[in-house]
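Undergrad:
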Amino acid sequence: MIANLSIDNSPKFLSIFSSASNCIYKNLALEEWLFRNKNYFNEDILLIWRNSPSVVIGRYQNPWIETNMNFCNQNKIKIVRRYSGGGAVYHDMGNFNISLLTSHNRHNRKENLKRLSKQDDLIVEPNNSKISGTAARISNGKAYHHFTLLVNPNMMNLHLSLQSSLKDNIETTATKSIKAKSVGSLVELVKIKENKDEEIMKKTEKKINSDILPCEEYFPGIEKTISLLKSDDWIFNKTPKFRIQFNKDEYINVQNGIILESTSNKFPIGEHFKKLFFMNKTKTN
2 MIANLSIDNS PKFLSIFSSA SNCIYKNLAL EEWLFRNKNY FNEDILLIWR
52 NSPSVVIGRY QNPWIETNMN FCNQNKIKIV RRYSGGGAVY HDMGNFNISL
102 LTSHNRHNRK ENLKRLSKQD DLIVEPNNSK ISGTAARISN GKAYHHFTLL
152 VNPNMMNLHL SLQSSLKDNI ETTATKSIKA KSVGSLVELV KIKENKDEEI
202 MKKTEKKINS DILPCEEYFP GIEKTISLLK SDDWIFNKTP KFRIQFNKDE
252 YINVQNGIIL ESTSNKFPIG EHFKKLFFMN KTKTN
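Encoded structure:
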């Protein structure tokens, strides 16, 4: 199985970065640092990275809908909100994550996958199994498109971490993931192609930066982004307003992580929903 990445109007330079870190917070912060601080006038960047077990939700999603919070907590699977939109994906060391950072005018999201579904995912026919989830971000004349290639992930963790027990009880305007059947161990080869035109390829100078460390010494200011990505304020409190209907008579409304309305004794107004969620789960277990 070959996934082709193409770059329209190939730049003169292509820098390839491979992260030495398996920390999702550090790798997302590195991607964001490169996006904010690099000039993509005449250069594109390809970032390759892997993470320890994590569930990564889109910027405008609700983690209570997208993740099995208890399973993730018990199995030390991190829950993370990324900067780009799109749906929730599972990461572990059986995934390869690839980010293509470029200028807005060279960004061609549709050409960056060999085959697309309506969710911009790479699909293996004939049974519509998914081996790659993708998302993109565009800002200030720059763009990136990142891919999650499922090479040999822990399939049990993948499925269980994305099965929320609350999803049918929540009303919200947050972006919801479109579920597809995922398969592992299908990718025999991931071949990165900067451009289909071999003549243009010859004119592109490539610089490979292997095993880089996403740290303050090499990327000034990155620690601030890492701290933000780890924070409850970013992961949970950025969730769009939502309502949970526990039963006919019990409901709560939550905004910015705080319970604004409640008819439940377990979830009093003014409290942080996350804290009470785990507290109540502990009492009932």
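In terms of the working numbering, the sequence shown opens at residue 2 and continues consecutively. The beta carbon of each residue, even a glycine, is placed where N, CA and C say it ideally should be.
#1: Consult DSSP for E251 and reduce its assignment to one of helix, strand or coil.
#2: Assign T240 to one of three DSSP states: helix, strand, or coil.
#3: Between which residues of its own chain and I49 is the CB-CB distance below 6 Å, once the five residues before and five after are set aside?
#4: Report the option in P64, Q246 and S85 whose CA atom is closest to the CA atom of F237.
#5: What separation, rounded to the nearest whole angstrom, lies between the Cα atoms of F14 and D45?
#6: Alpha carbon to alpha carbon, what distance is there between N96 and T149?
#7: With H, G and I counted as helix, E and B as strand and the rest as coil, what does DSSP make of T264?
#8: Taking just the CA atoms, how far does A30 sit from T226?
#9: What is the DSSP secondary structure of Q75, counted as helix, strand or coil?
#10: By how many angstroms is the C-alpha of K77 removed from the C-alpha of S228?
#11: Name, in chain order, the residues that DSSP records as bridge partners for H273.
#12: Using the Cβ count rule (16 or more neighbours within 10 Å means buried), how would you classify F42?
#13: Taking its Cβ as the centre, do 16 or more other Cβ atoms sit within 10 Å of K27, making it buried, or is it exposed?
#14: Taking 8 Å as the cut-off, does the stretch 82-95 touch the stretch 164-175 (at least 3 CB pairs, one atom from each stretch)?
#15: What are the boundary residues of the alpha helix (DSSP H) that includes S228?
#16: Could you check the C-alpha separation between F72 and V56 for me, to the nearest Å?
#17: Give the DSSP-derived three-state secondary structure of A1 in the structure shown.
TA: Straight from the coordinates:
#1: coil
#2: coil
#3: Same-chain partners within the cutoff: S19 and I99.
#4: Checked all of P64, Q246 and S85; the closest Cα to F237 is P64.
#5: Each residue's alpha carbon lies about 6 Å from the other.
#6: 7 Å
#7: coil
#8: 6 Å
#9: If DSSP states are grouped into helix, strand and coil, Q75 belongs with the helices.
#10: Rounded to whole angstroms, S228 to K77 spans 19 Å at the Cα level.
#11: I259
#12: Residue burial annotation: F42 is exposed, with fewer than 16 other C-beta atoms found within 10 angstroms of its C-beta.
#13: Buried, because 16 or more other Cβ atoms sit within 10 Å of the Cβ of K27.
#14: no
#15: I223 to K231
#16: 11 Å
#17: Any answer about residue 1 is impossible in this case: the structure gives the chain only from 2 up to 286.
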